[in-house]
Each structure stands twice: as structure tokens, then as C-alpha cells.
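As you go down the protein sequences, you meet chains P and W in turn. If you want the working numbering, it's the position in the first sequence, counting the first as 1, plus 38. If you want the working numbering, it's the position in the second sequence, counting the first as 1, plus 1. One structure below.
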Amino acid sequence: MSKKKAEGTNLLYQLIGEARQYDDVIVMGRGDPDFDTPAHIVAAAKQAMIHHHSDYTPPEGLPALRQAIADRVKRVNNIDVDPATEVVVTNGGQEALFLMVLAVLSPGDEMIVPEPNYNTYADSLAFAGGVKVEVQTYADDDFRADPAAVRAAITDKSRALLLVSPNNPAASVISPGDMKTLLDIAIEHDLMVLADDIYDLFVYDDFEHLSPAALPGGKERTLTLNALSKAYSMTGWRLGWIVGPADLMARVTELKAAISGGTSVISQQAGIAALTGPQDAVEMMAAAYRRRRRLVLDALDAMGMKYGLPQGGQFVFADISFTGLDSGEVAQRMLSEQHVLAYPGSAFSKDRKDYLRMTFLQPEEQLIEGLERMKVAMQNITAGR
Amino acid sequence: MASQTKADILAGHDANEALNTQLLPPVARRSRDLSADGLRSFLDERIIAASSEALEAGQTHYVDVPGIAPLRAAIANYLGASAGASYEAGNIIVTAGVQESRFLTIQMIGAEFESIAVPTVAHPGVRKALGVRERTVIPLAADVEGGYLPAVDAIAGALAAGCRLLYLESPARLSGAAYADEDAAAISRLLNEYDAMAIWDQGLAPWVDGKYNSLASFEESPSLVTSIGEAFPGMGLASWHIGYIAAPEAHVPAMQSQKQIMAICTSTAAQYAALEASAIFAEAHNRQLAHLSQLRSDLIELARAVNLEVIAGSAANVLALRASQDTIANLNQAGFEVADGALFGAPAVIRLSVSAAAADALQALR
Numbered sequence: 039m040s041k042k043k044a045e046g047t048n049l050l051y052q053l054i055g056e057a058r059q060y061d062d063v064i065v066m067g068r069g070d071p072d073f074d075t076p077a078h079i080v081a082a083a084k085q086a087m088i089h090h091h092s093d094y095t096p097p098e099g100l101p102a103l104r105q106a107i108a109d110r111v112k113r114v115n116n117i118d119v120d121p122a123t124e125v126v127v128t129n130g131g132q133e134a135l136f137l138m139v140l141a142v143l144s145p146g147d148e149m150i151v152p153e154p155n156y157n158t159y160a161d162s163l164a165f166a167g168g169v170k171v172e173v174q175t176y177a178d179d180d181f182r183a184d185p186a187a188v189r190a191a192i193t194d195k196s197r198a199l200l201l202v203s204p205n206n207p208a209a210s211v212i213s214p215g216d217m218k219t220l221l222d223i224a225i226e227h228d229l230m231v232l233a234d235d236i237y238d239l240f241v242y243d244d245f246e247h248l249s250p251a252a253l254p255g256g257k258e259r260t261l262t263l264n265a266l267s268k269a270y271s272m273t274g275w276r277l278g279w280i281v282g283p284a285d286l287m288a289r290v291t292e293l294k295a296a297i298s299g300g301t302s303v304i305s306q307q308a309g310i311a312a313l314t315g316p317q318d319a320v321e322m323m324a325a326a327y328r329r330r331r332r333l334v335l336d337a338l339d340a341m342g343m344k345y346g347l348p349q350g351g352q353f354v355f356a357d358i359s360f361t362g363l364d365s366g367e368v369a370q371r372m373l374s375e376q377h378v379l380a381y382p383g384s385a386f387s388k389d390r391k392d393y394l395r396m397t398f399l400q401p402e403e404q405l406i407e408g409l410e411r412m413k414v415a416m417q418n419i420t421a422g423r
Numbered sequence: 002m003a004s005q006t007k008a009d010i011l012a013g014h015d016a017n018e019a020l021n022t023q024l025l026p027p028v029a030r031r032s033r034d035l036s037a038d039g040l041r042s043f044l045d046e047r048i049i050a051a052s053s054e055a056l057e058a059g060q061t062h063y064v065d066v067p068g069i070a071p072l073r074a075a076i077a078n079y080l081g082a083s084a085g086a087s088y089e090a091g092n093i094i095v096t097a098g099v100q101e102s103r104f105l106t107i108q109m110i111g112a113e114f115e116s117i118a119v120p121t122v123a124h125p126g127v128r129k130a131l132g133v134r135e136r137t138v139i140p141l142a143a144d145v146e147g148g149y150l151p152a153v154d155a156i157a158g159a160l161a162a163g164c165r166l167l168y169l170e171s172p173a174r175l176s177g178a179a180y181a182d183e184d185a186a187a188i189s190r191l192l193n194e195y196d197a198m199a200i201w202d203q204g205l206a207p208w209v210d211g212k213y214n215s216l217a218s219f220e221e222s223p224s225l226v227t228s229i230g231e232a233f234p235g236m237g238l239a240s241w242h243i244g245y246i247a248a249p250e251a252h253v254p255a256m257q258s259q260k261q262i263m264a265i266c267t268s269t270a271a272q273y274a275a276l277e278a279s280a281i282f283a284e285a286h287n288r289q290l291a292h293l294s295q296l297r298s299d300l301i302e303l304a305r306a307v308n309l310e311v312i313a314g315s316a317a318n319v320l321a322l323r324a325s326q327d328t329i330a331n332l333n334q335a336g337f338e339v340a341d342g343a344l345f346g347a348p349a350v351i352r353l354s355v356s357a358a359a360a361d362a363l364q365a366l367r
């Protein structure tokens, strides 16, 4: 009997598992920054332990953290929220994503999703019994979510529009003009908006991030998620949040309580330190990602590979159609032959079998080595070896 | 213009009574809060040191979805030592607290069955987790004399009627009552007879002063029982939210996959703290258990002195009493919060966390 081929998230975990077997593996797959959490945040967590800050925390999170989040979304995203009623702390962006989907979608409801997109949205939607309505975006257009295509996808079952900007895996940023148009469409058709701002601090060149909740008429119909994982290198702490209108957030709080009760108090204490403490580490990391992005793009250009320009985020979505192979097979061969882990586009969307997602979350010398190995892998594949 | 879509969403949520069930805090909110079943205790300095060391060494990244390997092994050992259940590390999923354990087991194992039999008296988190996605629930009548545990006959009835998945607590979260060995053995035989499965909340088991056997420890049970609970209770980690699922091998992948979808993994800081807690648990726990057992005996005397009926239970950390709304009001007036049995499905019952403040509360009723 043949073994069932892994797909989607399972495929990614299969590759992660295999990557662990190689001592010299270069990981350009998972969205886990190579930087450790800044020392002052770790030190604050230690102080919190010493001072026994391990008492009760409500499901929606510690008041001091919710205040810090409210301040942050005002400062960065221009979203006004009441920390008492419009902020819920979550176990990372992933739980925030799951909660947002569950809060808004019921069985049979449709969510419009610009594709490709982060695979967990499809998983969460499947759990909720919702239906994903895909709106394709294209590398030639730098994976722009075209408002006209979004409008054309609306049916009488449409209930929500997903806007992930910068996008994962395509790294496109929704322009302010498009964002306004997309929000107008959502208002016109009475759709809820799920906004994923997790990469909002990583926007390149002259591109600009705009949160739909910051626009007139946006906040009352938008749930916005974010997390400390990417910006503060805090993936292991599992700390994220959702902000939105009080009426919907009351329901999000009930769901949060049902799913996990609350969020680890020590992660919350670390989160307070991250958001209220010095921000120079964030800028240092952002500057490193800017340099690495350039380095990766130059290498891909030298290999003659096409890609949608990464306008934001921490990765590149590159076209590998020239290999003639499915992205799962290419990723597998890169890993087993050259010990380089990149994620196959097919894990993000069934229609993206011609793409690979490569993160630039490794030190520059590792990235250079990884790209060299990738070049060899591509040469071997195209030469039929 | 107001959004009709949002109005419909809100109405749907409001109509979901199970989802809107009030949840109890895992640990006391203040000194006179007696509503939690987790202990408010200080962190041992060895836990602080180990957790800090791991964080300073760069353990701040994603880890494996089911948990770090040494903690999974430590939890498997702990379940063997404390509940007689033979689990391997591969059977363990580390969760972000017992509520996540409830949710994952109820929703993911529950998805494999047409219905789930649930005690009419159970922790409110059970009902809440059931409310997230509709399930057919078969009520298991609570046996008041037995500390609100469903009687074996009631369980047999649900199985005979076709239900093949049970959700059971032992000790009961309301009363602390635990199934006697012969009853647990009978339940185990029933599972085997009907080829049924059980989710077994044994989170309060470490507080049973004396022998405790998990349902998973009986001969017929290992492939039929999934156990859940808090990891290393009483070590000051209640608000760090660290729990476990110990499941038969066949059920691990679906829950692991859903855990990935929901949270990717459990907080590394909490996992390394729990790992150190595993090393010092036995020493600290024995002291705590002896202290709480004595305190509980004293509380029973006090309760009887104020004419409150004590409900059968054997977990040393909680005490359930029959109490009128007037009694609850009097306690509230004196500044004490207690767990209202109505939240569990047992009106006119209160649960107190066993503590010095509980003695003060009962004194206030004199």
C-alpha cells in the first residue's frame, strides 16, 4: 500500500522533522527569527518570577498588558481601542487567528481569502465549518489583492474578508488606496474584516502598511490580530492579541476562555516588557531583515528566478516552474540533497505548486551558503540529475 | 449604518448558552477568593533558576507542537507514579493548561463519535468547550450521595443506549470525590465491552490523600482512555497554564495537528519551569498534601458546627458543602468568593478551596 502524501501543514511538519536529521541544515522555511528574545525582555521575565508575579490572570489578559497593547496599536496602527473591553491577549498570533475565524464564521459561511495565504486560515476555517472563497493573486502583479476580483467573489453567503498585509507567504503589502477600496467593498456588502497585521513592522522600500481598522467605518467591523513573535523574536513565548469593537471582543473573550482559559502569566509579563521597554532591538532586527532581503533577491536574480517583489514580511515567494516539478518535490530534493529547508508553495495553496517560500531569518553567511546550495539543487533538477 | 452581519454574529453567540458558561479562575484572584481549584503558591527558587537559565540560553523559539521531549517524558513518569498509568513520552501532549486539554480532547476525540456522554455535574469548562462546536451531548445523571460522580449504572445505561464516548472527572471538580477502585474497574470493563472510549479528567488526583488509580491504569483501558489534567499542581504554576493530554497513540496525531492549528506549541518558559517542577514535585507535594488534608479535616468540623452539610469528597484541595443562596450571600457580604455549584450543574452547593481563608469564611457564618 502506498503511503498517503502529506499536504498543507502536515507536509511542512514532515519537512521540519526531516530537517532535524541534518547537522548542517540551513533552515529557510519556518517563520522563526534566528535572533533570540532581547535580553531585557528575558530579564524582565526573570524579575517577574522572583517577585512572584504568578497570580491570577483573566482570560482576556493582564490589564497592564492590555494597556500596553492599546498604546501600541494606537502608536503603530492608528487604531483606538479601550484596553478594558477591546483587547484580548492570546497564545500567540496562531490562537488569535483561530479565535478570529471562530468568532465570525459559522458553518456554511464564506470567507473571501486572497491567495496564496497562510495555511492555518484554511485549517481554522475548516474547523469552523466555513467555506474559503479564493481570490487569486499573481507574481506578475506582485501578488496584489485586486479589489475588483474581491468584489467579483462576493456571494449572498459571504460573511468575511481576510486581509493579511504584509501577506504570508507572498509578502505583498496592500496599498493604502487598495485598503480603502477593500474596506468600502466590505462596508457595501456588509462583510466583517479579519485583519492580520503580524508583519506590520516589516515593510520595505516605499511601501506603506495601513490597518483597515484605522479607516473610517473600519473599526466596528474589523478584528485585528498581531503578536510579539516576529517583531521581538518571541515565537516560543506564545503571545499575541486581537483588538476590535467591544461587542465582538466580548464574544472573543468567551471563545478564548473556552479554548484555553487564559494565557501564561510569565509570557504576559515578558510582553509588557517588550512593548513598554526599549525598542532598539526591534529596529536592529528590522535593519538586518532589510539587508538579508536584498541579499536573497540579488541571489535569485543571479539565478534568473522570478518572484513577486517582497514588499514586506520576512520571506520571498519564488517561481520554480522552470524546474518542471511540483514544489513539494523540489523542497524535498533541496532538503535531502542539499540540506536546505524551504517551504513548498503547495502547502499554502493547491494552486501554488510552482512556488517556494524562503525566509530570510538566518544570519547572512548562512543565507549565502543556503542560496549557493539551492543553486546547485536547481541546477541538478534542471539537468535531470 | 449598523451591520446586520455583525448583529447576526452577536445573536448567534448570545444564543449559545454553553459557550457563555462562566469559567472559574484556575487560581485565586485574591486572598478571600475561594473559588479556584488550583493553589496560590510561591515559585520554588529552583524553578525560577531553571526557567531563567533556559530563556537566557536562547530557549525562546518555537518548540515541537506536543512539547519538549524531556517534559513529555517527565509527565509520563509523573502519571505512572501518581496514577498508576503506563504512558510513554509519545502519548503526551503538553497543553497551555487544563482548559486547552478539555477543548482538544472534547473537540478532536469527540469528532470521531456521534455523541459524548457528560456528567450533569462537571467543571463549567467542559460545557464551555462543548459550546465552541456543536456536539450531541448525552447527560450522565450525577449521584448526589457519591459526591456528584455519575454512578456506574448511569454510565452503563449511556453505553447501552449507543453512546461510545464518555467524559468523566475523577476526582470530581465540584466535590473532589473519586471513583473507588472497584467502580473504576467496572467502568474499564464497560469500555472494553462496548468498545467505547473515555476522556478522564484526573487533574485533582494528586490531592487525593491515599491510593488513586487512573482509569487508564486498569488492564482493559490503555487503548480506550485519554487522561487530562494540570501538570505538577501546587508548584506555583497555575497561572502559567501548563497541562497535559495523555492519549492512546492512535489519538495523538489529530490532537497534535489541532494544537498546531490553535497555538503551534506551548510557552517554552512554562515548559522549562514545569520540567524543573517535575524534579522537585514529590518532595514539595507530600508536604502540601499533608497540610491540606489536615486543614480540610478542620474545615469539615467547622462546617458542621455551622450546620452546613458536607458533600462526599476525597481531594484535599477542595471542600463542597450544601448551602443556600442566603449562605452564599452571607459569604459574599463577608468578602469571600466561593465557587457556586450552579456553575457545575449543582445548585445549592458551594465549593471552597481548602485554605486558611476558608476557615475564616466558615467562621464568618457563625
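Glycine included, every Cβ here is placed at the ideal spot set by N, Cα and C.
Residue-level contact to chain P via CB, residue i, 7 Å cutoff
i	result
Gly204 of chain W	no
Lys129 of chain W	yes
Gln5 of chain W	yes
Pro1 of chain W	A query on residue 1 of chain W cannot be resolved here, the shown segment of chain W reaching from 2 to 367 and no further.
Leu44 of chain W	yes
Met236 of chain W	no
Gln100 of chain W	yes
Glu57 of chain W	yes
His242 of chain W	yes
Met263 of chain W	yes
Minimum Cβ-Cβ distance from residue i to chain W less than 7 Å
i	result
Gln132 of chain P	yes
Ile304 of chain P	yes
Gly215 of chain P	no
Lys41 of chain P	Residue placement at Lys41 of chain P is flagged as unreliable, the pLDDT there being 46, under the threshold of 50; a coordinate-derived value is accordingly withheld.
Asp194 of chain P	no
Trp275 of chain P	yes
Phe136 of chain P	yes
Met87 of chain P	yes
His90 of chain P	yes
Asp234 of chain P	no
Lys84 of chain P	yes
Glu292 of chain P	yes
Gly46 of chain P	no
Start-to-end residues for the beta strand (DSSP E) that takes in residue i
i	result
Gly230 of chain W	226-231
Val173 of chain P	169-174
Thr260 of chain P	260-265
Ala347 of chain W	Element bounds for Ala347 of chain W: n/a, residue is neither H nor E.
Gly278 of chain P	278-281
Val63 of chain P	Run containing Val63 of chain P: none; DSSP gives neither H nor E here.
Close beta carbons around residue i, own chain, < 7 Å, minus the five adjacent residues each side
i	result
Ser40 of chain P	Residue placement at Ser40 of chain P is poorly supported in this model, since its pLDDT is 41, which falls under 50; the coordinates still yield a value, given next. Correct list: empty, nothing qualifies.
Ala324 of chain P	Leu239, Phe240
CA nearest to the CA of residue i, picked from the options
i	options	result
Ala295 of chain P	W:Ala97, W:Leu141, W:Ser258	W:Ala97
Leu56 of chain W	P:Thr273, P:Gly69, P:Ser298	P:Thr273
Ser315 of chain W	W:Leu303, W:Gln364, W:Arg174, W:Asn287	W:Arg174
Ala206 of chain W	W:Ile156, W:His14, W:Ile229	W:Ile229
Tyr393 of chain P	P:Phe360, P:Ser374, P:Gln417	P:Phe360
Ser294 of chain W	W:Gln334, W:Glu310, W:Gly177	W:Gly177
Val28 of chain W	W:Ser83, W:Ala324, W:Ala340	W:Ala340
Cβ-based neighbour list, residue i, same chain, cut-off 8 Å, excluding 5 preceding and 5 following
i	result
Asp161 of chain P	Gly46, Thr47
Asn17 of chain W	Gly132
Cβ neighbours of residue i in the same chain (closer than 6 Å, five flanking residues each side left out)
i	result
Cys164 of chain W	Ser116, Ala118, Ile139
Met198 of chain W	Leu166, Leu225
Boundaries of the alpha helix (DSSP H) in which residue i is found, first to last residue
i	result
Asp216 of chain P	214-226
Glu148 of chain P	From DSSP, Glu148 of chain P is part of no alpha helix (DSSP H) but of the beta strand (DSSP E) over 148-153.
Asp72 of chain P	Note, Asp72 of chain P: premise wrong, no alpha helix (DSSP H); not H, not E.
Val350 of chain W	Unbroken run through Val350 of chain W is the beta strand (DSSP E), 350-354; no alpha helix (DSSP H).
Residues bridged to residue i [DSSP beta-bridge criterion]
i	result
Phe355 of chain P	P:Arg395
Met230 of chain P	P:Ala198
Trp201 of chain W	W:Leu169, W:Ser228
Asp144 of chain W	W:Leu150
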